[in-house]
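**Q** What follows is a structure written as structure tokens; I'll ask about it next.
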Amino acid sequence: MTDGKSENWEKFFSRFSTREMERAFFWTRDRVVSAVAGAPKPEMGDLGELANLPVLGAFVSLKKRGRLRSCMGAMREGIAWGVALDSAAVSAATSDPRFPPLSPDEFYDLDLEIWALGGMRAISEWGVDRANAIQIGRDGLQIEGRGRRGLLLPSVATDFGWDAERFLEAVCEKAGLARDAWTSDETRLFAFEGVSFKKPFVYLASKNPTLARIVAERNERTGRNKSNGEEAAVSASGADKTVSASSESSASLVESVKSVSSASASRPTFRLAPDFFRWNLPSNVQNREIAQNNGVSEGDATNDASAAVRPAAVAGLFYPATPAERAALLDKLERTAQSWQSAENGGLGEVGEDGRFDKVSEVSEFDKVGETENFSKVGEIGANGESRRRWSAALVPHAGWIYSGRLAAATLKRVEIPETVVVFAPKHRAEGADFAVMPAGRWDVGGGESVPSDPDFVERFVAAVPPFRKDAVAHRREHAVETLVPLIARFAPAAKVVGAVIGRATVDELTAAAANFAEFLQNEEKSGRNAPLILISSDMNHFSNDETTRRLDALALDALESLDPTRLWETVRREKISMCGVLPAFFVLSALGKIGKLGKAEKVGYATSGDSSGDRERVVGYAGYLLG
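Mapping of the sequence shown onto numbering that gives the first Met the number 0: position 437 corresponds to residue 436, and the numbering continues sequentially without gaps.
Structure, rendered in structure tokens:
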């Protein structure tokens, strides 16, 4: 496409002057306040003459101290600006599926950005030539293919410094498509344009009586006493009309779209085809899942460190929810973990038509080691069927058991598991602290069963290893630790499981935290306490085709085997490998390396989800490694 297309829309976007966008900002803020705090709804007429102007859509983005808090939109060619803005505002305040609903106490810490969109056009070029049709800084992207859709606003590429090719890869990832799907003739690609306006949510709060009261009450509680002049000074940092928005979280590169039409919402997902392996769930579990998918918290939804049990979040999705089914599947995983069949010759066995893991091959089919070069021993199996040794750490996958359970079991089966296991996992959701330890004393794994944590260890850990802190919110819907808890309990029924997640962090932050952890481990040893087993919970590359995933994962695993955290970090970034646990891996390798606890990395196995699902076009990679 040429710049002429943009010129065709210049007159249209000129109608969204700074004055009009500021008017729309105040209207949108009033609509959010009404949805959250029960204040009167603003009149559509307050939007002025643009209220009925046909647009492509509107987006409303809320950021809390610079981090994405919510972003929702309404898109349909020809929708009225006022209607789109109203739908986006209410959805952003109450219905973003990634976050809990907004609360009035958060208003003071928010920035509000509104977007007006137009100029949607189909990209007529094909293959790699599509990248030449995209102009960074002007174009947003929408891709459709394989029944999936993804959208990214124009600011995302500029915020991250991406070129057109990386921007196209990101919108594919948003849609859950293979990273190179943008080159396929089977996908439809669109570009659009937009203008935005951003200010602190409390900018001129006196214009809304309800907001002014909420801000005053918060100031009184927190000891703040900003004058109107000070408030205006704070607001001066907000941008006026611009095509760029502030940086998004790397875990939240996507904007959810709530269509006014019958099209379903486009949302990010952190699990592969959950309907493919859904077990029968009790109605209360189904209700909880529905509530969580709509951003409604339940159970341990606070940071109260005295909470006794962390409620199960993914029982029934990532592993069976009932004790009987869970025990039966654990039996199969434990037996078949005695040998590891190479990924090229199949994975866990067949899956039933109902998606349940009912047709796992019996152990005899997996234990015919030596009959083919495609089989290899997991280890020397003793008379009791087990051979374990002490390792400092292990890399274990955390996907649904039907995909990665056998490899996770094979890895854990090789390890001598002490009294305490510490799982460092990626933080897949934005809520909660970026360095968060689960504070509850037990893990609920469904069906009335639970596994203990180690509260004494947690207290010593958070006191000695900043920036980690106890935070239940970061764990309430996180699957990366929970999925491993029943597996750990199977191989070590007396073990206590401590869970910690790492969200966004720089190399310097991770290095400093790792130094603290290394010192903590040394002090634990000096105090006569047994060293914990450290697990890195991570899947490998996500949602490329099988061939690409295996190639990329081989690069990452080669770096892992070097035991050099910097090399692993740089490889993953340079090759754009979506290894979700690269931050925990960097942290653990750095800490153990500092105290001489790393000497080798022994591979247990590798597979992709395609080995189980049969879908080789969109897979996730899994690896099991022993480190020590």
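By construction, the Cβ of each residue, glycine as well, lies at the ideal position given by its N, Cα and C atoms. Bear in mind the structure is a predicted one, so any value in this text is a computation, not a measurement.
Quick one: give me the first and last residue of the beta strand (DSSP E) that L140 is part of.
**A** Its beta strand (DSSP E) spans residues 139-144.
**Q** Are the beta-carbon atoms of A479 and P425 separated by less than 8 Å?
**A** Yes, they are a contact pair.
**Q** Taking three-plus beta-carbon pairs below 8 Å as touching, is the region 81-100 in contact with the region 208-222?
**A** As far as the Cβ criterion goes, the region 81-100 does not touch the region 208-222, which means the pair count is below three.
**Q** What are the partner residues of D443, as DSSP defines its beta bridges?
**A** Answer is S449.
**Q** Suppose you measure from the CA of S195 to the CA of S612; what does that come to, to the nearest Å?
**A** Distance between the alpha carbons of S195 and S612: 42 Å.
**Q** Distance, Cα to Cα, D433 vs F467?
**A** So the alpha carbons of these two residues sit roughly 8 Å apart.
**Q** For G595, count neighbouring Cβ atoms within 10 angstroms of its own Cβ and tell me buried if that reaches 16, exposed if not.
**A** Exposed, by the Cβ-count rule.
**Q** The beta strand (DSSP E) that contains C171, what's its start and end?
**A** Here C171 belongs to no beta strand (DSSP E); instead the alpha helix (DSSP H) covers 163-174.
**Q** Roughly how many angstroms lie between the CA atoms of E569 and D563, to the nearest whole one?
**A** Taking the straight line from one Cα to the other gives about 10 Å.
**Q** Taking Cβ positions, are L626 and A393 nearer each other than 8 Å?
**A** Cβ distance < 8 Å, so L626 and A393 count as in contact.
**Q** Leaving aside the five residues before and after G126 along the sequence, list all residues of the same chain whose C-beta is less than 7 Å from its C-beta, in chain order.
**A** T182, listed in sequence order.
**Q** Using the C-alpha atoms, what's the distance from E172 back to A115?
**A** So the two alpha carbons sit approximately 24 Å from each other.
**Q** Identify the residues that DSSP records as bridge partners of G56: which are they?
**A** Per DSSP, M74, L116.
**Q** Note down the Cα distance separating P465 from F519, rounded to an integer number of angstroms.
**A** Going by the C-alpha atoms only, they are around 11 Å apart.
**Q** Please list the terminal residues of the continuous alpha helix (DSSP H) segment that includes L626.
**A** Unbroken run through L626 is the beta strand (DSSP E), 618-626; no alpha helix (DSSP H).
**Q** Taking the Cβ atom as the reference point for each residue, do V54 and A88 lie within a distance shorter than 8 Å?
**A** Against a cut-off of 8 Å, the Cβ pair of A88 and V54 comes out as no contact.
**Q** Cα separation between F585 and A409?
**A** Their Cα atoms are separated by approximately 23 Å.
**Q** Looking at the ligand ATP, does it come within less than 7 Å of I401, judged from the CB to the closest heavy atom?
**A** Among the components modelled here there is no ligand, and therefore nothing to report on the ligand ATP.
**Q** With the cut-off set at 8 Å, would you say S403 and L483 are in Cβ contact?
**A** Result no, Cβ atoms of S403 and L483 do not sit closer than 8 Å.
**Q** Taking the Cβ atom as the reference point for each residue, do L167 and L140 lie within a distance shorter than 8 Å?
**A** Their beta carbons are under 8 Å apart, which means L167 touches L140 by this criterion.
**Q** Across which residues does DSSP place F423 in a beta bridge pair?
**A** Answer is A499, I535.
**Q** Relative to the C-alpha of F25, which candidate in D85, P100, K206 has its C-alpha closest?
**A** Nearest C-alpha to F25: K206.
**Q** Kindly indicate which residue of W80, A34, P41, G56 has the alpha-carbon position closest to the one of A50.
**A** Closest option to A50, Cα to Cα, is W80.
**Q** Is there a Cβ of chain B sitting closer than 8 Å to that of T505, yes or no?
**A** Although the question refers to chain B, the structure presented lacks it and comprises just one protein chain.
**Q** Considering only DSSP beta bridges, list what V506 is partnered with.
**A** DSSP, once it has assigned bridges, lists no residue as partnering V506.
**Q** What three-state label does DSSP hand A473 in the structure shown?
**A** It is helical.
**Q** Just reading off the alpha helix (DSSP H) that I19 is part of, what are its end residues?
**A** It should be pointed out that residue 19 corresponds to Glu in this sequence rather than to Ile. Here the alpha helix (DSSP H) through E19 covers 17-36.
**Q** Kindly indicate which residue of G144, R147, Q134 has the alpha-carbon position closest to the one of S154.
**A** Considering only alpha carbons, the answer is Q134.
**Q** Which value, in whole angstroms, describes the spacing of the CA atoms of S391 and G315?
**A** Cα to Cα, S391 sits roughly 31 Å from G315.
**Q** Out of A180, R145, L111, which one is the CA nearest neighbour of A130?
**A** The shortest Cα separation from A130 among A180, R145, L111 belongs to A180.
**Q** Alpha carbon to alpha carbon, how far is D128 from P417? Give it in angstroms, no decimals.
**A** Approximately 56 Å, taken between the alpha carbons.
**Q** With respect to the alpha helix (DSSP H) encompassing P454, which residues constitute its N-terminal and C-terminal limits?
**A** P454 -> alpha helix (DSSP H) spans 454-463.
**Q** For the alpha helix (DSSP H) containing K549, name the first residue and the last one.
**A** A small correction: the amino acid at residue 549 is Arg; Lys does not occupy that position in the sequence shown. First-last of the alpha helix (DSSP H) with R549: 545-560.
**Q** State the DSSP-derived secondary structure class of K40, mapped to helix, strand or coil.
**A** Reduced to three states, the DSSP call for K40 is coil.
**Q** Quick check on N540: buried or exposed, where buried means 16 or more other Cβ atoms within 10 Å of its Cβ?
**A** Buried, because 16 or more other Cβ atoms sit within 10 Å of the Cβ of N540.
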